[in-house]
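Oh and the sequence shown: position 50 is 51 in the numbering used here, straight run, nothing missing.
Glycine included, every Cβ here is placed at the ideal spot set by N, Cα and C.
Bear in mind the structure is a predicted one, so any value in this text is a computation, not a measurement.
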Amino acid sequence: MYSITRHRHAIGALLAEYIDKASAQDRTVYEPEEIAQGINTKLRKREDDPSKSGGSMCPSIIRYARPQKARSATGEWKYIVNTGEHTQTLRLEKCSTPQDSCTYLTDNFRSRCVQIYNYHRLLSWDAARGLHVDIFKVPTCCSCHIDGYRETFPPLTSYNDFKSKIHEDPSES
Numbered sequence: 002m003y004s005i006t007r008h009r010h011a012i013g014a015l016l017a018e019y020i021d022k023a024s025a026q027d028r029t030v031y032e033p034e035e036i037a038q039g040i041n042t043k044l045r046k047r048e049d050d051p052s053k054s055g056g057s058m059c060p061s062i063i064r065y066a067r068p069q070k071a072r073s074a075t076g077e078w079k080y081i082v083n084t085g086e087h088t089q090t091l092r093l094e095k096c097s098t099p100q101d102s103c104t105y106l107t108d109n110f111r112s113r114c115v116q117i118y119n120y121h122r123l124l125s126w127d128a129a130r131g132l133h134v135d136i137f138k139v140p141t142c143c144s145c146h147i148d149g150y151r152e153t154f155p156p157l158t159s160y161n162d163f164k165s166k167i168h169e170d171p172s173e174s
């Protein structure tokens, strides 16, 4: 942490540049107190069985975190700068049931819930480079991927039914 104190002006400049570009609404919406107040009700709704409570097609758990240590996109472990006056909060969303079928679809579809990631730049520290901005892979949402039909759709009883439907005379209907 001595490196943070020693480079206080650099950190201040990095964060000041970010805050200057943010709109007034952005500055107030993401206050930690407001995040903490809004998270509990959202989590309860998202963790319930979606078929009973009207949830999403792929249930997920949302958390807000200020990581202290994380693995960068290159695979190296780094310390993330999250001190009293310099914080970096991430919204994390993880699939509750990855690779399971999506809800609210008929059994005619092959589907699966897939974890989606995004890359975030965070101010980090390591012994070799000191303070620097690095890229981290973060779970951001759970998405329903439809792979196609399970079988012929709509389901037919036999191939002969299929042939007869194609060769039906429209005047007989």
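Query                                                                                                                      : Result
Counted within 10 angstroms of its Cβ, other Cβ atoms place I20 as buried (16 or more) or exposed                          : Reliability fails at I20, whose pLDDT of 45 lies under 50, so the model's placement of it is uncertain and the value that follows must be treated cautiously. With fewer than 16 Cβ atoms within 10 Å of its Cβ, I20 is classed as exposed.
Counted within 10 angstroms of its Cβ, other Cβ atoms place L123 as buried (16 or more) or exposed                         : buried
Where T6 falls: helix, strand or coil (DSSP)                                                                               : helix
The stretch 70-82 touching the stretch 122-137, judged by at least three CB pairs closer than 8 Å                          : yes
Three-state secondary structure assigned by DSSP to P68                                                                    : coil
Start and end residues, beta strand (DSSP E) containing Y120                                                               : 110-127
Nearest candidate by alpha-carbon position, reference D148, set S102, R7, R130, T84                                        : S102
Proximity winner among E94, N83, C114, relative to V139 (alpha-carbon distances)                                           : E94
Outcome for A71 when other beta-carbon atoms lying within 10 angstroms are tallied against a minimum of 16                 : buried
Beta-carbon contacts of Y118 that lie in its chain and below 8 Å, excluding the five residues immediately before and after : K138, V139, P140, T141
Local conformation of T42 per DSSP, three classes                                                                          : Residue confidence is low: T42 scores 37 on pLDDT, short of 50, so the model does not pin down where it sits. Its coordinate-derived value is still stated next. Helix, per DSSP.
Euclidean distance between Cα positions of C145 and S97                                                                    : 12 Å
The beta strand (DSSP E) enclosing E86, as first and last residue numbers                                                  : Run containing E86: none; DSSP gives neither H nor E here.
DSSP state of S61 mapped onto helix, strand, coil                                                                          : strand
According to DSSP, residues forming a beta bridge with K130                                                                : Checking the sequence shown, residue 130 turns out to be Arg, not Lys. Looking at the DSSP assignment, R130 forms no beta bridge with any residue, so it has no partner.
Buried versus exposed call for P60 [16 or more other C-beta atoms within 10 Å across all chains shown]                     : buried
Between the CA atoms of Q116 and N109 - distance to the nearest angstrom                                                   : 23 Å
Sequence-distant residues of its chain with Cβ nearer than 8 Å to Y120 (five each side left out)                           : A74, I136, F137, K138, V139
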